[in-house]
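Beneath this line is the structure, given in structure tokens, with notes to follow.
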Amino acid sequence: MKEADQLYKIRHSLAHIMAQAVQDIYPNVKMGFGPPVDNGFYYDFDFGDVKVSEADLKNIEKKMYKIINQKQEFSIFYKPLDQAVEMLEKMGQNYKVEYARELVETGQAENGELSFYQNGPFVDMCEGPHVVQTSEVPIKGFKLDRISGSYWRGDEKRPMLTRIYGLAFETEEELKDYIRRRELAMQRDHRKLGTELELFLIDDEVGSGLPLWLPKGNVIRAELEKWAKEVEFKAGYHQVSTPSITKSELYYRSGHLPYYKESMFPPMALDDNNEYYLRPMNCPHHHKIYGFRPRSYRELPFRLAEYGDMFRYEKHGSLSGLLRVRAMTLNDAHIYCELDQVKDEFKNVIGLYRLYYDKLRLGNFRVRLSLHDPASDKYVKNEDMWLFSEQIVRDILNDAGVSFIEEAGEAAFYGPKMDIQIKNLLGREETVSTCQLDFVMAERFDLEYSAKDGTLKRPYIIHRAPLSTHERMISFLIEFYGGAFPTWMSPVQVLLVPVNEDCMDYCNEIANTLFESEFRVEIDDSSDSFNKKIRKGTTQKIPNIWIIGNEEVSNRSVTWRRYARQQNQLKVDFTSAVEKLQFMRSDRVMDNFDDVEI
RNA sequence: GCUGGCGUAGCUCAGCUGGUAGAGCAGCUGACUUGUAAUCAGCAGGUCACCAGUUCAAAUCUGGUCGCCAGCUCCA
1102 MKEADQLYKI RHSLAHIMAQ AVQDIYPNVK MGFGPPVDNG FYYDFDFGDV
1152 KVSEADLKNI EKKMYKIINQ KQEFSIFYKP LDQAVEMLEK MGQNYKVEYA
1202 RELVETGQAE NGELSFYQNG PFVDMCEGPH VVQTSEVPIK GFKLDRISGS
1252 YWRGDEKRPM LTRIYGLAFE TEEELKDYIR RRELAMQRDH RKLGTELELF
1302 LIDDEVGSGL PLWLPKGNVI RAELEKWAKE VEFKAGYHQV STPSITKSEL
1352 YYRSGHLPYY KESMFPPMAL DDNNEYYLRP MNCPHHHKIY GFRPRSYREL
1402 PFRLAEYGDM FRYEKHGSLS GLLRVRAMTL NDAHIYCELD QVKDEFKNVI
1452 GLYRLYYDKL RLGNFRVRLS LHDPASDKYV KNEDMWLFSE QIVRDILNDA
1502 GVSFIEEAGE AAFYGPKMDI QIKNLLGREE TVSTCQLDFV MAERFDLEYS
1552 AKDGTLKRPY IIHRAPLSTH ERMISFLIEF YGGAFPTWMS PVQVLLVPVN
1602 EDCMDYCNEI ANTLFESEFR VEIDDSSDSF NKKIRKGTTQ KIPNIWIIGN
1652 EEVSNRSVTW RRYARQQNQL KVDFTSAVEK LQFMRSDRVM DNFDDVEI
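According to the numbering used here, the first sequence is numbered sequentially starting from 1102.
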């Protein structure tokens, strides 16, 4: 959506019209920002002591219809700062005054003049553009959606305003279509599917953000771990295991205390006069393994991998299903290497990302080069090192042909990152995977190696987690696959459905054979009807249903009904059916997609 | 943590303006043994999130606590 687009103008104009309607109903309201966004627009208001809730939206909408029908024209005028401030103050718009001053101070106002848009009696400081007349706004193409809080200027220390979101499209059809799509998307919500498919559980008595993985959900974790271990073995990683708890000293050394304290659970005091913390990250433990004895350059790159459990104290309101949790297991590894190895190692990690993402068919992401912010005290103070290592990562990404955007203030406190950002089905964007270049911890932990020239040098450290945490990765996979996993990851790989009792012997024989080959197989020998069994297996999104009737018994075959291709069943003899299944497992075939043949 | 909303059986939900709870699915039992998405019947399931208060009477009204949802802040 570009500024010149009609849709942009419509949404932007609707924000004004909504503010106008709100001001009409609540004359003392103060306005914050009101921009167009992806699906519509929003406007932030300070209602003072008046409580406004979703029940009030209808009323505001009605007012908006009236304004639109009055065919008011949008006109622009300009004022220098002092006159603008005077006018805004007279209007009681103190938030706008603050912003006007800032625009002029930072030179964002052209010729020091601020632009205002007026339609009817309503005036708002604004860059535009807008539609010419309110009649251009499709009266059935918008709908006030929801209401929420939002800090002024996104700063939690400043007042909380009330944000009203509206949906807006060029036609009523598009609006309805959007709402329909959103409802459909809700069916794939990982929290809903997690319960329906018995993947995980979050229990109040255990605690918010502390998921319990049910037997079926744990299969998915186990399969990802198995895969990661194979891949990491081939890539020269060593697997290690370290405890989830540590003394505070480790975190004073690493700098997590105090840098990271607010994201950590409070310490446990024990009678040995030490404080113990649940670990929020695995890195320090791995650094200790590196530092266990003197290292030689011959050992580098030295790669330590662990699916490590971590615990972070996330603010209550930000927890969400498996997407944001307080206990998680990270596909973690640390690569200790020389400076001239950094490039190759980082590129190899990018190779791993590509392997995993291609296989899982995760294509809808963006890559972010996360840089430090010199103005923030969140980061280790060493500007030269920051610029140096940021340039290394930038060069690597360019060399590897990765397209990315750069963002300041998103780095880890100890180094720049390459982050993979994915949007979930509600449109919330999160970092799934991250790869970080660390120029700080080696010194903090006094990590060294004997270089070829006999001197002691500090290794560089690459932190990487291509498969993310199980929690976040699996939440994306559930939503992306709609709960239908490929055979190799699926909690139940084959469901046998006998047509009648005479088929049971053959069914049991098949089940035993598959079980002996360590396939997850079930027989539906319940007294349900045949149709019901098919339905049950399908709603559980089991990838393969094998139907066994008299015909299959007599020629030792199976009728193979794939979840992804329910209309195209295969008749396969038993021996080759097992062979196919073996291949689907060993090759990790993504048979949950209907373009995949088996 | 902040703003707003919500909280009834395992799940999805009904229960009008206060008169101490109901359905479908799931579960259990029995009958039916079925060729591609719900066979029939019966049984069992809830201190209506929790704690106070108002009232003769609270799932319903008020306050608080906890939890969930959306957004903000923060982050894998």
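Here a beta-carbon is modelled for each residue, glycine too, at the ideal position from N, C-alpha and C.
Segments assigned beta strand (DSSP E), at least 3 residues, entirely inside the segment 1290-1362: As far as the segment 1290-1362 is concerned, its whole beta strand (DSSP E) runs of at least 3 residues are 1346-1348.
Neighbourhood of I1390 by C-beta distance below 7 Å, restricted to the same chain and skipping five residues each side: V1341 and L1405, listed in sequence order.
Cβ contact check for the segment 1289-1304 and the segment 1417-1436: 3 or more pairs under 8 Å: A contact between stretches requires three or more CB pairs, one per stretch, nearer than 8 Å, and the segment 1289-1304 meets this requirement with the segment 1417-1436.
Cα-Cα separation between D1695 and V1232, rounded to whole angstroms: CA-to-CA, the gap between D1695 and V1232 works out to about 45 Å.
Cβ neighbour criterion (16 or more within 10 Å) applied to F1393: Per the 10 Å Cβ criterion, exposed.
Three or more C-beta pairs below 8 Å linking the segment 1609-1616 and the segment 1666-1686: The segment 1609-1616 makes contact with the segment 1666-1686; the number of CB pairs closer than 8 Å reaches 3 or more.
Short Cβ contact (7 Å threshold) for S1364 with Y1414: In contact: S1364 and Y1414 (Cβ atoms closer than 7 Å).
Cβ pair R1112, A1323 closer than 7 Å: Cβ distance not < 7 Å, so R1112 and A1323 don't count as in contact.
A1552, DSSP secondary structure in three states: A1552 falls in the coil class under three-state DSSP.
Helix, strand or coil at W1661 according to DSSP, with G and I counted as helix: Correct three-state label for W1661: strand.
Boundaries (first-last residue) of the beta strand (DSSP E) holding Q1435: With the sequence shown as reference, residue 1435 is identified as His, and Gln is not the correct amino acid for it. Element bounds for H1435: A1428 to C1438.
Buried or exposed by the 16-neighbour rule on C-beta atoms within 10 Å, applied to D1547: D1547 should be labelled exposed.
Identity of the residue in K1642, R1657 and E1299 nearest I1649 by Cα: Out of K1642, R1657 and E1299, R1657 has the C-alpha closest to the C-alpha of I1649.
Reduced DSSP category for G1409 - H, G, I as helix; E, B as strand; rest coil: Assigned with DSSP and collapsed to three states, G1409 falls in strand.
Residues near Q1594 by beta carbon distance below 6 Å, same chain, minus five either side: Answer for Q1594: T1588, F1620 and R1621, listed in chain order.
Beta bridge counterpart(s) of C1536 as assigned by DSSP: When DSSP reads this structure, C1536 sits in a beta bridge with M1519 and R1565.
Three-state secondary structure assigned by DSSP to F1684: Helix, per DSSP.
Within 7 Å, strictly: CB atoms of R1455 and D1520: No, Cβ-Cβ distance for R1455 and D1520 is not below 7 Å.
The segment 1105-1124 / the segment 1269-1289 touching (three or more Cβ pairs under 8 Å): Contact between the segment 1105-1124 and the segment 1269-1289 is present, because at least three Cβ pairs lie under 8 Å.
Residue from V1238, V1598, D1150 and G1422 whose Cα sits closest to the Cα of T1263: For the options V1238, V1598, D1150 and G1422, the alpha carbon positioned closest to that of T1263 is the one of D1150.
Residues that Y1218 bridges to, as DSSP identifies them: Answer is I1177 and D1225.
D1623 to G1638 span [Cα, whole Å]: Reading off the sequence shown, one finds Glu at residue 1623, where the question assumed Asp. Rounded to the nearest angstrom, the two C-alpha atoms are 10 Å apart.
Euclidean distance between Cα positions of D1441 and D1145: Rounded to the nearest angstrom, the two C-alpha atoms are 51 Å apart.
Cβ pair G1159, A1122 closer than 7 Å: With the sequence shown as reference, residue 1159 is identified as Lys, and Gly is not the correct amino acid for it. No, Cβ-Cβ distance for K1159 and A1122 is not below 7 Å.
For T1263, the residue or residues it bridges with in DSSP: Looking at the DSSP assignment, T1263 forms a beta bridge with F1146 and G1250.
Contact between the segment 1214-1223 and the segment 1171-1183 (3+ Cβ pairs under 8 Å): Yes, they touch.
Where K1524 falls, given that 16 or more other Cβ within 10 Å makes a residue buried: K1524 comes out exposed.
Contact under 7 Å by Cβ, N1693 with F1586: Yes, these two residues count as a Cβ contact at 7 Å.
Rounded straight-line distance, which links the Cα of D1603 to that of G1409: Going from the Cα of G1409 to the Cα of D1603 covers about 49 Å.
Residues near D1625 by beta carbon distance below 8 Å, same chain, minus five either side: L1596, L1597, V1598, P1599, K1634, K1637 and G1638.
Cα-Cα separation, A1512 to R1529: Taken atom to atom, the span from the alpha-carbon of A1512 to that of R1529 is near 20 Å.
Pair within 7 Å by beta-carbon distance, I1497 and K1444: Judged by beta-carbon spacing, K1444 lies within the 7 Å limit of I1497, meaning their Cβ atoms are closer than that value.
E1619, DSSP secondary structure in three states: Of the three classes helix, strand and coil, the one that applies to E1619 here is coil, per DSSP.
CA-to-CA distance, R1281 to L1294, given in whole angstroms: Within the model, the alpha-carbon separation for L1294 versus R1281 is close to 19 Å.
Distance CB(V1541)-CB(R1573) smaller than 7 Å: It is not a contact, given that the beta carbons lie outside the stated cut-off.
Contact belief for R1289 with G1583 at Cβ below 8 Å, rounded distance in angstroms: Distance from R1289 to G1583 at the Cβ level is roughly 5 Å; contact confirmed, criterion being Cβ atoms closer than 8 Å.
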